[in-house]
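K.L.:
If you scroll down you'll find the structure; I have some questions about it.
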Amino acid sequence: MKIEAITLREIHMPLVHFFETSFGRIYSRRILLVTVHCEGIDGWGECVVGEDPFYSSEWIESAWPTLSSYLIPMLLGKRMDSARECPALLSKVTGHRMSKGGLENALWEAETLQQQQPLWKLLGGTRKEIPCGVSIGIQDSIEQLLEKIQTELAAGYRRIKVKVKPGWDLNVLERIRSRWADITLSCDANSAYTLDQVEHLRKFDQFNLLMIEQPLWNDDIYNHTRLQKELRTAICLDESIINARSAAFAVEAGACRIINIKVGRVGGFSEALKVHDVCQSHKIPVWCGGMLETGIGRGHNIALSTLQNFSLPGDVSASKRYWKEDIIEPEVEVSPQGMIAISDKPGTGYRLKTDLIEKLTVRKETFRA
Ligand code: OSB
Ligand code: MG
142 MKIEAITLRE
152 IHMPLVHFFE
162 TSFGRIYSRR
172 ILLVTVHCEG
182 IDGWGECVVG
192 EDPFYSSEWI
202 ESAWPTLSSY
212 LIPMLLGKRM
222 DSARECPALL
232 SKVTGHRMSK
242 GGLENALWEA
252 ETLQQQQPLW
262 KLLGGTRKEI
272 PCGVSIGIQD
282 SIEQLLEKIQ
292 TELAAGYRRI
302 KVKVKPGWDL
312 NVLERIRSRW
322 ADITLSCDAN
332 SAYTLDQVEH
342 LRKFDQFNLL
352 MIEQPLWNDD
362 IYNHTRLQKE
372 LRTAICLDES
382 IINARSAAFA
392 VEAGACRIIN
402 IKVGRVGGFS
412 EALKVHDVCQ
422 SHKIPVWCGG
432 MLETGIGRGH
442 NIALSTLQNF
452 SLPGDVSASK
462 RYWKEDIIEP
472 EVEVSPQGMI
482 AISDKPGTGY
492 RLKTDLIEKL
502 TVRKETFRA
């Protein structure tokens, strides 16, 4: 596989419903897509940076120049047998994992298309369908949140995760549990608390949550270890897990009992597979997180979720929860049992709506060897 050219593009897509976390609300996405052109085959990747440097220090305006000035030139003209060679070629650049991940995943897609193999197979997956959960943002009122939960349960989703922050936490969980005593429920704080709030966080234990995701600082592991000792509820780390080494550290230190794997956050499929394996060897279950992806990133998340240790429902849900029209066909659909069926077709099994992608494009640049 020779990398002859790489295209960067930004597309704009309004969300069907705003999404609010402890760091803010967004109504519309600016999405960065990468296309690698390799001897007649195009592989697509989604660089999962946000519109702001809030969840991660990377954001769309840092990713674009990092890709165009550094990462893309490191790949142009290179020949590789496997996308697994990509991380070594990009290793001189520190961090910028989401930018690297967008590129590497596009190369995996090109490789699977070249080999006419499904992506999930190349990744080593085994599941024929994957269990799905939803991540529900902070709403204008608790009533509005309860209504949303009702809708998602009726659609079949197997796990409800709600975003929490001080002032939107115990009151919310209390209302959810009094209406649904037995559903699989978890919460995600996106670093909204500090270790001074242990007494407050201990009160989460009464709600029988599957997990509390990233309660403390986004770069912290040690203080989560201290917190986990004080809680019955399992801590799940998201932001803090940036590679397989931090996963091993967190697990061995007892900082969490569950890990959320986001392929972009750890820098691409190669590292995501390593995080998966580290967790599996320590008997720590993982699940696939989401970054409000279009069908491109969603298809990649689905393929990754077929690996064996993805034993908990992920945040990978139907296209229509995010978009009026997704950029793939068929769109990602979830069965009434809350499952996504895995395709046996080459690549992700989803076709790109290239006309729609062109229409949504606001910026595009192609780099050639
Ligand atoms: O913390 O998991 C998170 C979205 C953007 C940034 C961070 C997070 C999220 C989500 C949404 O929870 C998951 C999804 O539905 O894609
Ligand atoms: Mg999270």
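Every position in the sequence shown, counted from 1, becomes a number in the numbering used here once 141 is added.
Beta carbons: idealized from backbone N, C-alpha and C, even for Gly.
(1) Using CA atoms only, rank isn't needed, just tell me which of PRO426, GLY218, HIS365, SER198 is closest to VAL177.
(2) Need the endpoints of the alpha helix (DSSP H) that ALA413 sits in, please.
(3) By the three-class DSSP mapping on this structure, what secondary structure does THR502 have?
(4) Please list the terminal residues of the continuous beta strand (DSSP E) segment that includes ARG171.
(5) Considering just the uninterrupted stretch of the beta strand (DSSP E) at PHE159, what are its terminal residues?
(6) Beta-carbon separation of TYR211 and VAL234 under 7 Å?
(7) Whose C-alpha, out of ILE498, GLY242, GLU161, THR148, is nearest the C-alpha of TRP309?
(8) According to DSSP, is LEU493 part of a helix, a strand, or is it coil?
(9) Taking all protein chains shown into account, do 16 or more other C-beta atoms lie within 10 angstroms of the C-beta of ASP496, making it buried, or fewer, making it exposed?
(10) The beta strand (DSSP E) that contains CYS328, what's its start and end?
(11) Once DSSP output is grouped into helix, strand and coil, what is the label at ASN450?
(12) Kindly list the residues whose CB is nearer than 8 Å to the CB of ASN312, restricted to its own chain and excluding five residues on each side of it in sequence; keep chain order.
(13) Are at least three pairs of beta-carbons, each pair with one atom in the region 238-256 and one in the region 177-187, less than 8 Å apart?
(14) Name the two residues that bound the continuous beta strand (DSSP E) containing GLU187.
(15) So, helix, strand or coil for LYS241, using DSSP?
(16) On the CB-based measure, 16 or more other CB atoms within 10 Å of its CB, does GLY440 come out buried or exposed?
(17) Using 8 Å as the cut-off, can you tell me whether the region 482-498 makes contact with the region 443-461, which would need three or more C-beta pairs spanning the two stretches below that distance?
(18) Is ASN331 near the ligand OSB, in the sense that its beta carbon is under 6 Å from a heavy atom of that ligand?
(19) Which word fits ALA333, buried or exposed, when buried means at least 16 other C-beta atoms lie within 10 angstroms of its C-beta?
(20) Find out if the Cβ-Cβ distance for the pair ILE402, ALA385 is shorter than 7 Å.
(21) Mind reading off the beta-carbon distance from LEU369 to ALA396? Whole number of angstroms is fine, and I expect it under 8 Å.
(22) Looking only at C-alpha atoms, which of PRO259, ALA224, VAL190, ASP323 sits nearest to GLY236?
(23) For a quick check, are the C-beta atoms of SER458 and ASP467 less than 7 Å apart?
(24) Could you give the DSSP three-state label for MET215: helix, strand or coil?
(25) Going by alpha carbons, who is nearest to SER240 out of ARG220, ILE201, TRP321?
P.N.:
Considering the structure as presented:
(1) In the sequence shown, residue 177 corresponds to position 36, counting from 1. Nearest of PRO426, GLY218, HIS365, SER198 to VAL177, Cα basis: GLY218.
(2) As a first step, residue 413 is located in the sequence shown; it is residue number 272 there, counting from the start. Looking at the DSSP string, the run of the alpha helix (DSSP H) that includes ALA413 is 410-422.
(3) To locate residue 502, count along the sequence shown from 1; it is residue 361. Here THR502 sits in strand by DSSP.
(4) Here residue 171 corresponds to residue number 30 of the sequence shown, with the count starting at 1. Here the beta strand (DSSP E) through ARG171 covers 165-179.
(5) Residue mapping note: residue 159 aligns to position 18 of the sequence shown, counting from 1. That run of the beta strand (DSSP E) goes 146-162.
(6) One-based indexing of the sequence shown puts residue 211 at position 70. One-based indexing of the sequence shown puts residue 234 at position 93. Cβ atoms of TYR211 and VAL234: closer than 7 Å.
(7) Stepping through the sequence shown from its first residue, residue 309 is reached at position 168. The shortest C-alpha separation from TRP309 is found at GLU161.
(8) The residue given as residue 493 occupies position 352 in the sequence shown. Of the three classes helix, strand and coil, the one that applies to LEU493 here is strand, per DSSP.
(9) For this step, residue 496 is matched to residue 355 along the sequence shown. Exposed.
(10) Numbered from 1 along the sequence shown, position 187 holds the residue referred to as residue 328. 326-329 is the extent of the beta strand (DSSP E) around CYS328.
(11) The residue labelled residue 450 in the question sits at position 309 within the sequence shown. It is coil, neither helix nor strand.
(12) Against the sequence shown, residue 312 aligns to sequence position 171. Excluding residues within five positions, the ones whose Cβ falls inside 8 Å are ILE283.
(13) yes
(14) Taking the sequence shown and counting its residues from 1, the one referred to as residue 187 is at position 46. Note, GLU187: beta strand (DSSP E), 182-188.
(15) What you label residue 241 is simply residue 100 of the sequence shown in a count that begins at 1. Helix, per DSSP.
(16) Taking the first residue of the sequence shown as 1, we reach residue 440 at position 299. Under this definition GLY440 is a buried residue.
(17) yes
(18) Translated into the one-based positions of the sequence shown, residue 331 becomes position 190. Result yes, Cβ under 6 Å from the ligand OSB.
(19) Against the sequence shown, residue 333 aligns to sequence position 192. Counting Cβ neighbours within 10 Å, ALA333 comes out buried, since at least 16 surround it.
(20) Taking the sequence shown and counting its residues from 1, one reaches residue 402 at position 261. Taking the sequence shown and counting its residues from 1, one reaches residue 385 at position 244. Taking 7 Å as the Cβ cut-off, ILE402 and ALA385 do not qualify as a contacting pair.
(21) In the sequence shown, counting from the first residue as 1, residue 369 sits at position 228. In the sequence shown, counting from the first residue as 1, residue 396 sits at position 255. In the sequence on display, residue 369 carries Gln and not Leu. Yes, they are in contact, since the Cβ atoms of GLN369 and ALA396 sit about 6 Å apart, within 8 Å.
(22) Position 95 of the sequence shown holds residue 236. Considering only alpha carbons, the answer is VAL190.
(23) Walking along the sequence shown from the start, residue 458 turns up at place 317. Walking along the sequence shown from the start, residue 467 turns up at place 326. Not in contact: SER458 and ASP467 (Cβ atoms no closer than 7 Å).
(24) Position 74 of the sequence shown, counted from the first residue, corresponds to residue 215. Helix, per DSSP.
(25) The residue you call residue 240 lines up with position 99 of the sequence shown. Checked all of ARG220, ILE201, TRP321; the closest Cα to SER240 is ILE201.
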